[in-house]
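Only one structure is covered here, and it is reproduced in the block below.
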Amino acid sequence: MSETDGAWVSLFSGGKDSSWALYRAIEDGLDVRRLVTVHPTDDSYMYHVPATELAGLAAESIGIELLEVEPDDLEAGSATDAGQQGDDELEPLEAALVDLDCELEGGIAGVTAGAVESEFQTSRIQAMCDRLDCELYAPLWQESPRDLADAMLEAGFEIRIIQVAAYGLDESWLGRSLDRDAIEELAKHNEEYGVHILGEGGEFETLVVDGPHMDRRLDLEYETTWDGSRGTIRVMEAQLES
Numbered sequence: 001m002s003e004t005d006g007a008w009v010s011l012f013s014g015g016k017d018s019s020w021a022l023y024r025a026i027e028d029g030l031d032v033r034r035l036v037t038v039h040p041t042d043d044s045y046m047y048h049v050p051a052t053e054l055a056g057l058a059a060e061s062i063g064i065e066l067l068e069v070e071p072d073d074l075e076a077g078s079a080t081d082a083g084q085q086g087d088d089e090l091e092p093l094e095a096a097l098v099d100l101d102c103e104l105e106g107g108i109a110g111v112t113a114g115a116v117e118s119e120f121q122t123s124r125i126q127a128m129c130d131r132l133d134c135e136l137y138a139p140l141w142q143e144s145p146r147d148l149a150d151a152m153l154e155a156g157f158e159i160r161i162i163q164v165a166a167y168g169l170d171e172s173w174l175g176r177s178l179d180r181d182a183i184e185e186l187a188k189h190n191e192e193y194g195v196h197i198l199g200e201g202g203e204f205e206t207l208v209v210d211g212p213h214m215d216r217r218l219d220l221e222y223e224t225t226w227d228g229s230r231g232t233i234r235v236m237e238a239q240l241e242s
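Numbering-wise, the sequence shown is residues 1 to 242 according to full-length UniProt numbering.
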């Protein structure tokens, strides 16, 4: 479908991993012309779930047009196992990329993804790219989680924790900045409880509120909900700072 001089598309949730993949792609000179956000169901195997409704504001700050994909009824209850659900969840995204390939001048040259260690997700995204005849750019894939976290902070990313679900992470982590002190604490939790430093196992989810690829910072007003072992923030208001 695509030529090497075509457009790049960035799979984008607003979280740190997809944002880092986008940032690295821009730094490497890839021609990223679209961000694509999938708004998944709550039990998604393939996508970052919380606060994807803020992707539009983040895209505005980044200055790249956003395409939002709503899952269709295919994912809801029809899958018989995790693998089938993962395949089903990918279909609306792939259909959207097929349309984009026709729309974008030169077609789609490649897709960026923020996968770190999930073979389940990465193998499916790679297979999708193979079907689309485009490249996959996954700069976080199998890199050291600690090195990645340090690199994000060194680059100037401001990252907020918006959901936690891991032993050792209490309500105080909700809304907390993922700064160097937090990384050090997560490293200790990794040794003691096995918590992944980047939350790759769903231990926590994040939102990038500022970074070198963004013109304006995301300002949030939120409430927290906590059920005794896990919790999330509920954004009441969000805007880009002047």
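Glycine is no exception: its CB is placed at the ideal position from the N, C-alpha and C atoms. It should be emphasised that the depicted structure is a prediction, and the values quoted were computed from it without experimental measurement.
Does DSSP put Phe-204 in a helix, a strand or coil? Taking the sequence shown and counting its residues from 1, the one referred to as residue 204 is at position 204. Note: Phe-204 maps to strand in three-state DSSP.
Through-space distance from Ser-61 to Glu-117, alpha-carbon basis: Counting from 1 along the sequence shown, the entry for residue 117 is found at position 117. Counting from 1 along the sequence shown, the entry for residue 61 is found at position 61. Across the structure, Glu-117 and Ser-61 are spaced so that their CA atoms are roughly 28 Å apart.
Compare the C-beta of Arg-131 against all C-beta atoms of chain B and say whether one is closer than 8 Å. Going by chain labels, chain B is absent from the structure shown, which holds only one protein chain.
Does Thr-112 come out as helix, strand or coil in the three-state DSSP assignment? Working through the sequence shown from its first residue, we reach residue 112 at position 112. The three-state secondary structure of Thr-112, taken from DSSP, is strand.
Express the C-alpha separation of Ala-115 and Val-9 in angstroms, rounding to a whole number. The residue you call residue 9 lines up with position 9 of the sequence shown. The residue you call residue 115 lines up with position 115 of the sequence shown. For Val-9 and Ala-115, the distance between alpha carbons rounds to 15 Å.
Quick check on Pro-212: buried or exposed, where buried means 16 or more other Cβ atoms within 10 Å of its Cβ? The residue labelled residue 212 in the question sits at position 212 within the sequence shown. In summary, Pro-212 is exposed, with fewer than 16 beta-carbon neighbours lying within 10 Å of its beta-carbon over all protein chains present.
Please tell me whether Ala-138 and Ala-113 are closer than 8 Å, where the distance is taken between their beta carbons. For the purposes of this step, residue 138 is taken as residue 138 along the sequence shown, with counting starting at 1. For the purposes of this step, residue 113 is taken as residue 113 along the sequence shown, with counting starting at 1. In this structure, the beta-carbon distance from Ala-138 to Ala-113 falls below 8 Å.
Are the CB atoms of Leu-104 and Met-128 nearer to each other than 8 Å? Within the sequence shown, residue 104 is the residue found at index 104, counting from 1. Within the sequence shown, residue 128 is the residue found at index 128, counting from 1. Not closer than 8 Å, so no.
Specify the secondary structure class of Glu-192 as computed by DSSP and reduced to three states. Taking the sequence shown and counting its residues from 1, the one referred to as residue 192 is at position 192. Note: Glu-192 maps to helix in three-state DSSP.
State buried or exposed for Ser-229, treating a residue as buried only when at least 16 other CB atoms are found within 10 Å of its CB. Counting from 1 along the sequence shown, the entry for residue 229 is found at position 229. It is exposed - the Cβ of Ser-229 has fewer than 16 other Cβ atoms within 10 Å.
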